[in-house]
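Data first, discussion second: the structure below is written as structure tokens.
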Amino acid sequence: MFLFAIGVGLCLLSALICVVNTRRDNSITRKAALWLTIAACLIFVSEGARTALNNQPLQYSFSQIAPQLQFSFSIDRLAAFFILVISIVALSVAIYSLRYIEASTSGIRRNLFVPLMNVFILSMLCFVASANSFAQLLFWELISLSSFILVMYHYEKEETRKAGIFYFIMTQMSTIFLMLGFILLYNATGSFTIASSPVLTAGTNTLVFIFLFCGFGIKAGIIPFHKWLPYAHSSSPSNISALMSGVMIKVAIYGLVRYVLFVLDPQLWWGILILIAGTISALLGVIYALKEHDIKRLLAYHSIENIGIILIGLGLYIIFDSYGLSDLAFLSLAASLFHTLNHAIFKSLLFLTAGSVVEETGTRDIEKMGGLVKTMPITASLFLIGALSISALPPFNGFVSELMIFQAFFQAFAIPSHYVIVLLVVCLSLFALTSALAAACFVKAFGVIFLAMPRSDTVQQAHEVPKSMLIGPALLAFLCVGLGIFSFQIFSWLGYQPPMPNLLWVSLSLFIFLGLTVILVRAASGHVTRRAETWACGMPTPDSHSEYTAAGFSEPILTFFKPIYKTDKVIERNFWDKYGAVFKSGRADIHVMKIFEEKLYIPVANAIRSISRKVSAAQNVDLDTFILYSFITVIILIIVAGWVL
Amino acid sequence: MMNPISIILIKVLFVFILGTAALIIMQKSLRSLFSIYAIQSLLMAFVSLVLFKETGSFVLLALAVLTVVTKVIIIPYMLNRVRKDSGIHHDAEFRYLTPVSAIIIGMALIFVIYSSFLRVFQLSQDNLFFLGSVIGVSLAMLGMLVIFSRKKIVTKAVGYLMMENGVLLFGVFIAELPFIIELFIIVDLVIFILLAAVLSMGIDSTEEDLTRKLNNLTKWFKQ
Numbered sequence: 001m002f003l004f005a006i007g008v009g010l011c012l013l014s015a016l017i018c019v020v021n022t023r024r025d026n027s028i029t030r031k032a033a034l035w036l037t038i039a040a041c042l043i044f045v046s047e048g049a050r051t052a053l054n055n056q057p058l059q060y061s062f063s064q065i066a067p068q069l070q071f072s073f074s075i076d077r078l079a080a081f082f083i084l085v086i087s088i089v090a091l092s093v094a095i096y097s098l099r100y101i102e103a104s105t106s107g108i109r110r111n112l113f114v115p116l117m118n119v120f121i122l123s124m125l126c127f128v129a130s131a132n133s134f135a136q137l138l139f140w141e142l143i144s145l146s147s148f149i150l151v152m153y154h155y156e157k158e159e160t161r162k163a164g165i166f167y168f169i170m171t172q173m174s175t176i177f178l179m180l181g182f183i184l185l186y187n188a189t190g191s192f193t194i195a196s197s198p199v200l201t202a203g204t205n206t207l208v209f210i211f212l213f214c215g216f217g218i219k220a221g222i223i224p225f226h227k228w229l230p231y232a233h234s235s236s237p238s239n240i241s242a243l244m245s246g247v248m249i250k251v252a253i254y255g256l257v258r259y260v261l262f263v264l265d266p267q268l269w270w271g272i273l274i275l276i277a278g279t280i281s282a283l284l285g286v287i288y289a290l291k292e293h294d295i296k297r298l299l300a301y302h303s304i305e306n307i308g309i310i311l312i313g314l315g316l317y318i319i320f321d322s323y324g325l326s327d328l329a330f331l332s333l334a335a336s337l338f339h340t341l342n343h344a345i346f347k348s349l350l351f352l353t354a355g356s357v358v359e360e361t362g363t364r365d366i367e368k369m370g371g372l373v374k375t376m377p378i379t380a381s382l383f384l385i386g387a388l389s390i391s392a393l394p395p396f397n398g399f400v401s402e403l404m405i406f407q408a409f410f411q412a413f414a415i416p417s418h419y420v421i422v423l424l425v426v427c428l429s430l431f432a433l434t435s436a437l438a439a440a441c442f443v444k445a446f447g448v449i450f451l452a453m454p455r456s457d458t459v460q461q462a463h464e465v466p467k468s469m470l471i472g473p474a475l476l477a478f479l480c481v482g483l484g485i486f487s488f489q490i491f492s493w494l495g496y497q498p499p500m501p502n503l504l505w506v507s508l509s510l511f512i513f514l515g516l517t518v519i520l521v522r523a524a525s526g527h528v529t530r531r532a533e534t535w536a537c538g539m540p541t542p543d544s545h546s547e548y549t550a551a552g553f554s555e556p557i558l559t560f561f562k563p564i565y566k567t568d569k570v571i572e573r574n575f576w577d578k579y580g581a582v583f584k585s586g587r588a589d590i591h592v593m594k595i596f597e598e599k600l601y602i603p604v605a606n607a608i609r610s611i612s613r614k615v616s617a618a619q620n621v622d623l624d625t626f627i628l629y630s631f632i633t634v635i636i637l638i639i640v641a642g643w644v645l
Numbered sequence: 001m002m003n004p005i006s007i008i009l010i011k012v013l014f015v016f017i018l019g020t021a022a023l024i025i026m027q028k029s030l031r032s033l034f035s036i037y038a039i040q041s042l043l044m045a046f047v048s049l050v051l052f053k054e055t056g057s058f059v060l061l062a063l064a065v066l067t068v069v070t071k072v073i074i075i076p077y078m079l080n081r082v083r084k085d086s087g088i089h090h091d092a093e094f095r096y097l098t099p100v101s102a103i104i105i106g107m108a109l110i111f112v113i114y115s116s117f118l119r120v121f122q123l124s125q126d127n128l129f130f131l132g133s134v135i136g137v138s139l140a141m142l143g144m145l146v147i148f149s150r151k152k153i154v155t156k157a158v159g160y161l162m163m164e165n166g167v168l169l170f171g172v173f174i175a176e177l178p179f180i181i182e183l184f185i186i187v188d189l190v191i192f193i194l195l196a197a198v199l200s201m202g203i204d205s206t207e208e209d210l211t212r213k214l215n216n217l218t219k220w221f222k223q
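Just so you know, the protein sequences line up as chains H and G, in that order.
With this note's numbering as the guide, the letters of the first sequence map in order to residues 1 to 645.
With this note's numbering as the guide, the letters of the second sequence map in order to residues 1 to 223.
What follows is the structure, given as structure tokens:
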């Protein structure tokens, strides 16, 4: 615990350095502070890994506020694993930030960025390490507040302000749900300590689960609580998007896993609910990602998809565990947790590289990019590794965790209930569709951003980002490859033999086959290179306008999933001749309905606004009316005292 | 054990007290309103006297004397003096409730309080302390009803005074005496403020006038 305390101290010292020098725009101070953060993250990584491997829980408590209220920390294997996830991402983000934050316009804002980021990272670590729900709630609020301020970093933009307020409201709703759950638990057990309790009645058990599922679900971005996520992730600075998408939503997953597995008594229907919520989130997340042309929003929707995949694993764990199939349950849980780590790594990598691209091109619209592989080759390679990982292609890490979930699904026939088997088969098919669509989405993203010709002048002038903005993502890219290839060895090291192939041999085989294919093709082609101009459909000078666009790529999918998107196509064409043979000009728009926003969020918001107006009108009255209210209230109290109590 | 005659006497006094409350709700003439209030206070003093006779507690005697001096003599006298000076003799402005509907609601209210307290206190219906608490709370509620159903501030003041009588009655029969005194002081303060406002601003002022006049004072702070 001593080293953890040193890490916390370094983070706070780093924050303090920047706070003291807020008024002075000094990049050296900021860099020194960030180096301290990097050092702290390294300590957290090593300590997290050590505790996770040794499986020896660490405990520490201090500051007794009241007999039942104290800040106590306990780091077991699960907490250590999540600390590892947080600190790995935080480390690469801190390295990336060494240069990234210097791009901000205001010196004060740059100075405030480091302390806020440190508070954000520390509050997430403390939430995971907390041994009681009181401390967790406090750190949960700190996570919300610090991330809210970071989301509002570019507050001068209308879009950011909207995203920030949306995020703040949703995050406060999440806190309310958690508070209700924790209070119920406290009422039932008489303690805030996070521990299994046999005194919980079935009703309390269920009610606490519902509250916690909603509370953590909002923060994790489970559909239909997801709407804040694309707005907040796209509006915040890219390094913060990486932290939010890579880590913050995993903290919510940690909360859910911790309470469902270690405190409550999970029921079969909880597993079914989590599985269905996960499948819907995964499928709709990727479907919505496909229609997006805003790179950061596209990645945000993929976060929803991956949270869905993590939940699928968790749901499967509860279902298998309910039927006493402990091996399958453990496989599902291991898959879920491994995907948590993998998603944290490849999503942060994608957000950081996307941030570099946005920084260089000045736009988030992928339609305006193109050809960046020539000007930003390293960033393009790093993005490609992230894209391959998220698309679950071997031998990358995303493939391993998804394969483990598939393995668990394939053995669903061990379950005695036919209804549950049917449900699992349906979810399996949708999950398979999700994986395929994710690959399609990243073919679009990589193709449109990095390949072909640049679509604007700014993109043409883009160049490779500084080294620190490459080292941070490179670290994550290295982990994407390493965790995939050595996954079998890592699990064996931790004492678990998953039912899956040794990816090291698979990778070697793939590499050998690739090499052989290249050699064979070269040998068969006879070294003759034919040079010719690409056919451009008869156009005299083929330029970027003749390229395949993101909209064009998405169009068949938008048409296919029309019932989900509620797609509305508007096509206007003008011709030179009356026969409509020679095209003159035209316009084509594809409008996609924001279903959850238009059918759920806005009606709920309108209903709340209408109630608020009525309450406001009822409140804005004279003294007589207030006395009338008191009169009615006292009568109600008398009636309640006599007949209800 | 109380003397049966005293019990009957107190019950009769309760009936009269409720009668005066009904009259206060309906009365438009200010002179009659103040007189009825004085009579109600006198009846309250009688209740305290009877209880003093039965218990021998001198605090109850002091209470009776204090009630007669302040509520039967001084306050009605002051209110009548202001009424004469201003030349206004009637308050016919009602709000939310007409006198008849106020009486009907008042009756229903007493019934509800009676039924509720019967369940809460689990006492016999003939128990004097139970009846005292019911009449006390009913009186306080009827006073509240007068406050929000009348427009003129002077009538509202009578409503507050009636509330105070209700609290006093409830306290005499249910709560301990220090509690009574505490509430006495609090309610008296409210009445004092209202009376001061009436005496300084004029009897005809409504709450809006009062607010307007008080708002003028804010000019002092803006300079």
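For glycine and all other residues, C-beta sits at the position ideal for the given N, C-alpha and C.
Item, Value
"Check the Cβ-Cβ distances between residue 212 of chain G and every residue of chain H, and say whether any is below 9 Å.", "no"
"Cβ closer than 8 Å: which chain H residues qualify as neighbours of residue 115 of chain G?", "642"
"Would you mind listing the alpha helix (DSSP H) stretches within the region 143-182 of chain G that are 4+ residues and don't spill past its ends, in chain order?", "153-173"
"Would you mind telling me which residues of chain H sit closer than 7 Å to residue 95 of chain G, beta carbon to beta carbon, in chain order?", "624"
"Taking the beta carbon of residue 215 of chain G as the centre, do at least 16 other beta carbons fall within 10 Å, making it buried, or is it exposed?", "exposed"
"Got a sec, what are the start and stop residues for the alpha helix (DSSP H) residue 586 of chain H sits in?", "Segment 583-591 is the beta strand (DSSP E) holding residue 586 of chain H; no alpha helix (DSSP H) there."
"Let me know the secondary structure DSSP gives residue 391 of chain H once reduced to three states.", "coil"
"Given that a residue counts as buried once 16 or more other Cβ atoms are within 10 Å of its Cβ, and exposed if not, what is residue 343 of chain H?", "buried"
"Output yes if chain G places a C-beta closer than 9 Å to the C-beta of residue 558 of chain H; else output no.", "no"
"Would you check if the distance between the CB atom of residue 642 of chain H and the CB atom of residue 118 of chain G is smaller than 9 Å?", "yes"
"Would you say residue 147 of chain G faces chain H, with C-beta separation under 9 Å as the test?", "yes"
"Mind checking whether residue 91 of chain H and residue 6 of chain H have CB atoms under 9 Å apart?", "no"
"Buried or exposed for residue 155 of chain H, going by 16 or more other Cβ atoms inside 10 Å?", "exposed"
"Okay, do the region 347-363 of chain H and the region 455-469 of chain H touch, 3+ Cβ pairs below 8 Å being the bar?", "yes"
"Could you check whether residue 112 of chain H and residue 34 of chain H sit closer than 9 Å to each other, using their CB atoms as the reference points?", "no"
"What are the boundary residues of the beta strand (DSSP E) that includes residue 572 of chain H?", "568-575"
"Kindly indicate the opening and closing residues of the alpha helix (DSSP H) around residue 270 of chain H.", "268-291"
"Output yes if chain G places a C-beta closer than 9 Å to the C-beta of residue 635 of chain H; else output no.", "yes"
"Anything in the region 192-225 of chain H with a Cβ closer than 7 Å to a Cβ of chain G? List those residues in chain order, please.", "none"
"Between residue 630 of chain H and chain G, is the shortest Cβ-Cβ distance under 9 Å, so that the two count as touching?", "yes"
"Secondary structure at residue 75 of chain H, three-state DSSP: helix, strand or coil?", "strand"
"Please classify residue 225 of chain G: does DSSP put it in a helix, a strand, or coil?", "For chain G, the structure presents residues 1 to 223; residue 225 of chain G sits outside this window and is missing."
"Per the DSSP calculation, residue 130 of chain H is bridged to which residue(s)?", "H:73"
"Give the DSSP bridge partners of residue 624 of chain H, in chain order.", "Looking at the DSSP assignment, residue 624 of chain H forms no beta bridge with any residue, so it has no partner."
"Where does residue 309 of chain H land, buried or exposed, given buried means 16+ other C-beta within 10 angstroms?", "buried"
"Quick one, which of H:36, H:588, H:80 has its alpha-carbon nearest residue 57 of chain H's?", "H:80"
"The alpha helix (DSSP H) spanning residue 228 of chain H covers which residue range?", "228-235"
"Under a CB-based cut-off of 9 Å, is residue 274 of chain H close to chain G?", "no"
"Identify, in the order they occur along the chain, each residue of the same chain with its Cβ nearer than 6 Å to the Cβ of residue 290 of chain H, setting aside the five sequence neighbours on each side.", "441, 554, 557"
"Look up residue 193 of chain H in the DSSP assignment and say whether it is helix, strand or coil.", "strand"
"Name the DSSP beta bridge partners of residue 339 of chain H, please?", "None, per the DSSP bridge assignment."
"In whole angstroms, give me the CA-to-CA distance for residue 646 of chain H and residue 348 of chain H.", "The requested residue 646 of chain H is not part of the displayed model; chain H covers only 1 to 645."
"Taking 7 Å as the limit between beta carbons, can you name the residues of its chain near residue 336 of chain H, skipping five residues before and five after?", "310, 313, 314, 317"
"Do we get a CB-CB distance below 9 Å when we pair residue 107 of chain G with the residues of chain A?", "As a matter of chain content, chain A is missing from the structure shown, whose protein chains are H and G."
"Using only the alpha-carbon positions, how far apart do residue 640 of chain H and residue 606 of chain H sit?", "33 Å"
"Does residue 618 of chain H pass the burial test, meaning 16 or more other C-beta atoms within 10 Å, or should it be called exposed?", "exposed"
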